[in-house]
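Residue numbers (our numbering): -1 to 164.
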């Protein structure tokens, strides 16, 4: 039929608690059958438990290999990482300088734009004043031309006109 938890633990070289914990993690607790105070594990559950332990052991071996590296290998890795950090810090400093330059350029362009705006406003004001002055000059010129176009009157005709205007 199957094996007990103790038999599987002995095959794998682990404790019964480790096998029980693996069964709980895999959710196989409900599929176990009890036979005379012993839990019996079916063949498919046994395979799943062994695969879980195999995956766990592979992860432990790779972690142990990393921990067992020699100091020279660790120094080489640290050197590579430090070089990468230095390169990234250099790139970051270059980007900071680039941002500062762009901010200065924005400030210069803003100042130039404000200067152009004020120059445009003063030019507009000057043109408005010139138009007003031109209008006054034109009215004055028209009035002078009107006076010149009037026929000559004698002194008595002018006097009558002045009296009628009053």
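For every residue, glycine included, the Cβ atom is placed at its ideal position computed from N, Cα and C. Since the structure is predicted, the reported quantities are computational estimates derived from the model, not experimental observations.
Please classify residue i: does DSSP put it in a helix, a strand, or coil?
i	result
residue 23	helix
residue 4	helix
residue 150	coil
residue 11	coil
Spell out the partners DSSP gives residue i in its beta bridges.
i	result
residue 134	Residue 134 is not bridged to any residue.
How would you label residue i, buried or exposed, when you count the other beta carbons within 10 angstroms and need 16 or more for buried?
i	result
residue 150	exposed
residue 78	exposed
residue 93	exposed
residue 76	exposed
residue 1	buried
residue 17	buried
residue 39	buried
residue 141	exposed
residue 110	exposed
residue 52	exposed
residue 117	exposed
residue 124	exposed
residue 7	buried
Runs of beta strand (DSSP E) lying entirely within the region 27 to 92, each at least 3 residues, in chain order: Taking 3 residues as the shortest admissible run, the region 27 to 92 contains the following complete beta strand (DSSP E) segments, listed from N- to C-terminal end: 31 to 33, 36 to 39.
Cβ contact check for the region 11 to 25 and the region 37 to 55: 3 or more pairs under 8 Å: Yes, since at least three Cβ pairs between the region 11 to 25 and the region 37 to 55 fall closer than 8 Å, the two stretches touch.
Length-filtered (3 minimum) beta strand (DSSP E) runs lying within the region 93 to 121: Within the region 93 to 121, no complete beta strand (DSSP E) run reaches 3 residues.
Sufficient close CB pairs (3 or more, under 8 Å) joining the region 30 to 38 to the region 2 to 14: When Cβ pairs closer than 8 Å are counted between the two stretches, the region 30 to 38 is seen to touch the region 2 to 14, the count reaching three or more.
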